Amino acid sequence: MLQIGRGDVSILSLSTSVPCWLYFQTGRSTNVNDHTNSIPFFPRIEETNWAVAHTPKKSASYRACFCFLSPVIWGSRLRLISFILEKEMAMVQAYRRISGGSAIFADSFRFTTCWRHFSTSFREERDTFGPIQVPSDKLWGAQTQRSLQNFEIGGDRERMPEPIIRSFGILKKCAAKVNMEYGLDPSIGKAIMEAAQEVAEGKLNDHFPLVIWQTGSGTQSNMNANEVIANRAAEILGHKRGDKFVHPNDHVNRSQSSNDTFPTVMHIAAATEINSRLIPKLKQLHTSLQKKTNEFSDIVKIGRTHTQDATPLTLGQEFSGYTTQVKYGIDRIICTLPRLYQLAQGGTAVGTGLNTKKGFDVKIAAAVADETRLPFVTAENKFEALAAHDAFVEASGALNTIAASLMKIANDIRFLGSGPRCGFGELILPENEPGSSIMPGKVNPTQCEALTMVCAQAIGNHVALTVGGSNGHFELNVFKPMIANSLLHSIRLLADASASFEKNCVRGIQANRDKISKLLHESLMLVTSLNPKIGYDNAAAVAKTAHKQGCTLKEAALKLEVLTSEEFDQLVRPEKMLGPTD
């Protein structure tokens, strides 16, 4: 970005047509065109093409417009506050249609305020809407460019998840392989496969700029993949980008529709992430919890129900509950995989398979299975596969349950580790970092806090996904990008948070045996073991007396003369209160 002038200026000598911003101070005239009347060939600008800007220190408003300036030397004096030359401004931020091949000015303009891509030169790409300028250093084409301009929602953080992009690479590679069996030119097919492999490996991620918030079928992302792969394949074959020697629709998208490709990559991405990321990390967490269950098996502690004192159990027994929760969580998500392994590919527009060949659906599912080493098959019913995403709602439900389990586990551990002196203090948690900017020496259960926040997000994702899944209308669900993103977001967060929690918390948890013993023997609920001998009412009287008078259970029992000292010692033994009697 180069600022050329400030204030009243009478310069401007440009050798090439370049995109730029013009800033005008809003003064007596509110019509921005009044400021440009004296400039030769300057286009008339609609008010909707202007944005209001403010200086950092003043409240005075300025008008700003994005436009293209041709090689014209202007001698006019213009009340120009600043002229900013945007040599590196991408065409994604300004839409221009060139009328009659004119290279001087576009006859219509758009601008946006979110800049995501920067280029110094552009090429012309075409689609059924006509020509459009695309950054020369990008592989995408016209439809991707239009989506960039039409869906400026959320910025880079809302881009289509990488697992979806990589899955497009897998799918397009497999489609080319199968299409060659049905007549696709082998040279083009092999080039598509090579280009698609680069997508699958993440080498072309920078060429997939689209956000989640687009058409609900994911059409623009499918075309993004088609255009990138087509242009890259053309380059591999020695042709130029944009010449459509390899056509994004006719070649890369052959026998396909966005309506079946996007749900297919949804399933490929979800199944891959669950198998490669989530399940291994949950298994590692389960292993560590099992080790703690064994390590703490001999430590008797007081139990708590309703957050109040209850009967004893071992710390190992308490941790065995956590261990089993994670085990069942793994089982639940595994049980959703058979439906995720069913692929919609071959259903094309509405599930009928129009424009495909017989056997295409089975062959492409087999090719994807070979490529991913996962047991993908063609969907039992393509109409269900396009119009509904019950498999995703089911998988998200399993993730929701896992989130609920991990929330309980993390909360228990942080409360049991509260202290170090004025809380429960039964667990000693690893000290990973300072906990306060004002209280010296404070250390907080940060891993528990991070995990519970992740669980809250996953639960929220499930709500959004459920709404999306319930809104499939007729032959097509059009919440696909949001549904895919919600599930993949939850998978990634739960996997990473589980790994972090295991490594930085669970693995280093220690039992505070002294504190556990102290609280155990101070508990009034040990009185429960007296029920068989003296009855519920007498036992309750012992507990209430001890609580009101601040004495021990034994002292209260002796005062009430319901037991002898020897009988009390024989009956109230915490280590004998851990299970059924013979």
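Position 310, counted from 1, in the sequence shown is what our numbering calls 888; the numbers after and before it change by one each time, with no gaps.
Here a beta-carbon is modelled for each residue, glycine too, at the ideal position from N, C-alpha and C.
Note that the coordinates shown come from a computational prediction; the quantities given were computed from them, not determined experimentally.
Contact under 8 Å by Cβ, V946 with L921: yes
Neighbour-count burial assignment, L717, 16 or more Cβ in a 10 Å radius: buried
Rounded separation between I770 and A988 - CA only: 48 Å
With 16 other Cβ atoms within 10 Å as the buried cut-off, status of E851: buried
Residue range of the beta strand (DSSP E) that includes D887: Q886 to T892
Reference A885; option with closest CA among A1075, Q1148, A849 and M1103: Note on residue identity: the sequence assigns Thr, not Ala, to residue 885. The candidate whose alpha carbon is nearest that of T885 is M1103.
Cutoff 6 Å; reference G1167; Cβ partners in own chain excluding five residues on either side: Here the chain has residues from 579 to 1160 only, and residue 1167 is not among them.
Under the three-state DSSP convention, the category G733 falls into: coil
Residue from P890, Q868 and N872 whose Cα sits closest to the Cα of V878: P890
Buried or exposed (CB count within 10 angstroms, at least 16 for buried), N959: exposed
H1125 burial status per 10 Å Cβ neighbour count (16 or more: buried): exposed
Counterpart residues of H1051 in DSSP-defined beta bridges: L1054
Nearest-angstrom Cβ-Cβ length linking G733 and A778, presumed shorter than 8 Å: Wrong, their Cβ atoms sit about 26 Å apart, outside the cutoff.
Burial state of I522 (16 or more Cβ within 10 Å): Residue 522 lies beyond the range of the chain shown here (579 to 1160); nothing can be said about it.
C-beta atoms of F954 and A848 nearer than 8 Å: no
Delimiting residues of the alpha helix (DSSP H) encompassing V806: T797 to I814
Among D705, I911, L918 and R1070, nearest to E805 - alpha-carbon criterion: D705
Sheet register partners of A1118 (DSSP bridge): Bridge partners of A1118: none, in fact.
Closest by C-alpha distance to R832, when choosing among Y900, I1061 and L749: L749
Under the three-state DSSP convention, the category V878 falls into: strand
Simplified DSSP assignment, three categories, for V1041: helix
7 Å Cβ shell around M1060 - same chain, five flanking residues per side excluded: I790, A1042 and G1046
C-alpha distance - R1151 paired with E1080, whole-angstrom precision: 34 Å
Inter-residue Cα distance where the pair is L726 and L952: 34 Å
CA nearest to the CA of T901, picked from G924, R1091, M1017 and K861: K861
Burial state of K818 (16 or more Cβ within 10 Å): exposed
Chain B within 8 Å of K936, Cβ atoms only: Protein chain content of the structure displayed is limited to a single chain, and chain B is not contained in it.
Cβ neighbours of V904 in the same chain (closer than 7 Å, five flanking residues each side left out): L860, L863, H864, L867 and S983
Distance, Q1127 Cα to E1144 Cα: 22 Å
Closest Cα partner of Q834 within the set T1142, V928 and D876: V928
At least three beta-carbon pairs within less than 8 Å, the stretch 1086-1101 to the stretch 1001-1011: yes
Residues bridged to D705 (per DSSP): G708
Burial state of S795 (16 or more Cβ within 10 Å): buried
Contact set for Q775: own chain, Cβ-Cβ below 8 Å, skip 5 residues either direction: G747 and K751
Contact check, T871 vs F897, beta carbons under 8 Å: yes
Host alpha helix (DSSP H) of N989 (start-end): D968 to L994
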